[in-house]
Amino acid sequence: MILDFLFPKEFDFFTLFEEQVNYAVQAAGKFKEIASTPGLIEESSYQAIQHFEHKGDDATHAVIDQLNKSFITPFDREDIHALTKELDNITDVINTMVGRIKVYKIPGGDKHLMEFSRVIEESVLAVAKAVKGMRVRKNGTKAVLEHCVEINRLENVGDAMRDAVLFELFESKSAIEIIKWKEIYQDAETVLDICEDVANVVESILVKQA
Amino acid sequence: MILDFLFPKEFDFFTLFEEQVNYAVQAAGKFKEIASTPGLIEESSYQAIQHFEHKGDDATHAVIDQLNKSFITPFDREDIHALTKELDNITDVINTMVGRIKVYKIPGGDKHLMEFSRVIEESVLAVAKAVKGMRVRKNGTKAVLEHCVEINRLENVGDAMRDAVLFELFESKSAIEIIKWKEIYQDAETVLDICEDVANVVESILVKQA
Amino acid sequence: MILDFLFPKEFDFFTLFEEQVNYAVQAAGKFKEIASTPGLIEESSYQAIQHFEHKGDDATHAVIDQLNKSFITPFDREDIHALTKELDNITDVINTMVGRIKVYKIPGGDKHLMEFSRVIEESVLAVAKAVKGMRVRKNGTKAVLEHCVEINRLENVGDAMRDAVLFELFESKSAIEIIKWKEIYQDAETVLDICEDVANVVESILVKQA
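Protein chains in written order, with my numbering: chain A, 1 to 210; chain B, 211 to 420; chain C, 421 to 630.
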């Protein structure tokens, strides 16, 4: 229409955020499977994680491109930028961790890593709910904030898990095993940190809209 | 008053920055005590550091909340954001380092870590003076810049200390000890890096006001 | 001229970017020499890297100072800030890596590190071409984007190299050697990551100007 220029439509950024978070959810689910499957990681699982990471990158680039083209945005430009970057980070760090699992020949079946993978999946699912809840402006706020509280709680759970597991690791393993596992457990905890970063961005967006 | 809307008062951000930096000073002081006390870290010292970290977080959130509500700010919004984040980082990294000291069962009394703790306290005290000096706009600038120069000097001291201590570490310890101590010494040096980041933000604020 | 205030001249930021990238190119070249020279690193080579790092810092400060003074900029202020920071990062990380080579007594002549040093030099040279190409607005865009594609390709090459080399490292070396070399190889790969960060900033600037 000729007046489109005068009445630009607001682009639906939420669809892209939901796409990003869906890749994070799929990566977290696949990581849970990898952590619990005995033996070395299967090539198909490794490829699946890389696929989610690439698709997540594409979605991030789509957000940035759209941001550069849009005059009207659903919330502050810098917050859109921060949200899309942090969502991308979730899938990136899962990918980094799984890459290390492959290179270090970390076998599946470690009970600590399995526990981490369950907490990570819970946290990423809460991130997905928070992001999806942002569409529903009025009545959704309370539910979104509750998901953010849950994400913060799981980050604290992860901190305590990492401390306990490192404590045990230094008591019981050889130096080379310590080098490998320490990095993997810290990666796992970093995923939870990034989920918390997403929750912080979401909360800050809601505060500004209140 | 009915005209408050027309003449909004500038919020006193400096009080919050001073609160933040006071927690960093207290954390640095407690860390010096931890580093010099023989034996494993006492639970009360560990709790004290966590307390300063939590209080520092609260002060940071107060700054961000206030920033989102304020129309008038004493300097650029992005600089307020950067300053509060970096001040928070000081206490965060001290907390991370002390957490590792607990998990790795690092005993107090190591002469290198004691030396680091003294340099850290000096640097954080210089940060406190620089931040407190920012209130006094006109005549304070020169003094503030001198504190920033001192913070930069201490960061260089820390770099040299870390290099010397890592050099010695690799010559004299077992692999497991190297893994533990290397991380602790690098944390210590990171605290000094962050003090320098604060000094850079402060300098950049003063330059813009000149 | 009296009307200078009314018609401020645009400062030539490109000259400063080119200066920064030239220090990165020189640091990358010196690093290639260090990696291939048998025996411990020579003091003069170590000093040369530190010199490039200091000069790079000076150029970065000059960009930031100029940015704070300029009303007119060739592209978005935040992009100028990001570009200068990332260019500075290249030289910084090369300096950090070389510092570790000295402290860990890493001898020259390792075939993997030599291969990394060649890929790093290629990538930094592509960064230099991309940055220099940004001056030529109209016809240069295609060439600049081709350099960015090349930088991305080399980052992927580096990822694969790091994975292969870590895999081999864990199979063949003692724990202490693993600790040292792992960090050096990861530094080397980080240099390529930062070159990619520069390419991303450059691409985003070109997209906005299109």
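Note that the Cβ used here is the ideal one computed from N, Cα and C, for glycine as well.
These numbers were taken from a predicted model, which means no experiment stands behind them.
Close-in-space but distant-in-sequence residues of the same chain around residue i (CB under 6 Å, 5 per side omitted)
| i | result |
| --- | --- |
| C405(B) | S333, V337, I361 |
| I300(B) | A234, I404 |
| T610(C) | V513 |
| M517(C) | D607 |
| L626(C) | T561 |
| Y466(C) | K522 |
| F384(B) | It should be noted that the sequence gives Ser, not Phe, for residue 384(B). Cβ within range, chain order: n/a, list empty. |
Cβ-Cβ distance between residue i and residue j below 8 Å
| i | j | result |
| --- | --- | --- |
| I454(C) | G519(C) | no |
| V144(A) | G133(A) | yes |
| E566(C) | L612(C) | no |
| A28(A) | I176(A) | no |
Residue of the options minimising C-alpha distance to residue i
| i | options | result |
| --- | --- | --- |
| D222(B) | K240(B), Q257(B), K392(B), A272(B) | A272(B) |
| L487(C) | F434(C), V523(C), E597(C), A448(C) | F434(C) |
| S172(A) | Y314(B), F227(B), I274(B), I290(B) | Y314(B) |
| E535(C) | G560(C), S490(C), V585(C), K522(C) | V585(C) |
| D373(B) | I521(C), F437(C), L460(C), S624(C) | I521(C) |
| H291(B) | L226(B), S255(B), N366(B), E220(B) | L226(B) |
| R538(C) | F451(C), E623(C), S594(C) | F451(C) |
| M581(C) | E498(C), K531(C), I596(C), L545(C) | K531(C) |
| V556(C) | N442(C), P494(C), D617(C) | P494(C) |
| K489(C) | E430(C), F587(C), I596(C) | E430(C) |
| F418(B) | D289(B), S384(B), F377(B) | The sequence given here places Lys at residue 418(B); Phe does not occur at that position. The shortest C-alpha separation from K418(B) is found at D289(B). |
| D197(A) | F167(A), S174(A), R153(A) | R153(A) |
| Q236(B) | I274(B), D286(B), F262(B) | F262(B) |
Residue i in three-state terms, based on DSSP
| i | result |
| --- | --- |
| G99(A) | helix |
| G56(A) | helix |
| G109(A) | coil |
Beta-carbon proximity list for residue i, same chain, < 7 Å, skipping 5 on both sides
| i | result |
| --- | --- |
| L379(B) | I388, W391, K392 |
| I106(A) | K180, I184 |
| D440(C) | As written in the sequence, residue 440(C) is Gln, which differs from the Asp given in the question. Excluding sequence neighbours, Q440(C) sits near G476, A479, T480, T504, L507, D508. |
| C568(C) | A550, A619, V622, E623 |
| L40(A) | K105, P107 |
| E228(B) | V341, K342 |
| A48(A) | K30 |
| F167(A) | none |
| Q470(C) | N515 |
| S44(A) | none |
| I545(C) | First, the amino acid is wrong: residue 545(C) is Leu here, not Ile. These residues qualify, in order along the chain: V445. |
Any non-hydrogen atom of the ligand FAD closer than 7 Å to residue i Cβ
| i | result |
| --- | --- |
| Y605(C) | Among the ligands in the structure shown, none appear at all, so the ligand FAD cannot be discussed. |
Own chain partners of residue i with C-beta closer than 8 Å, once the 5 adjacent residues on each side are dropped
| i | result |
| --- | --- |
| P458(C) | P527, G528, G529 |
| S36(A) | G108, G109, M114, S117 |
| D286(B) | I415, K418 |
| I274(B) | H291, T294 |
| N232(B) | A338 |
Would the segment 467 to 485 of chain C and the segment 496 to 513 of chain C be scored as touching if the rule is three or more Cβ pairs under 8 Å?
-> Contact holds: three or more Cβ-Cβ distances are below 8 Å.
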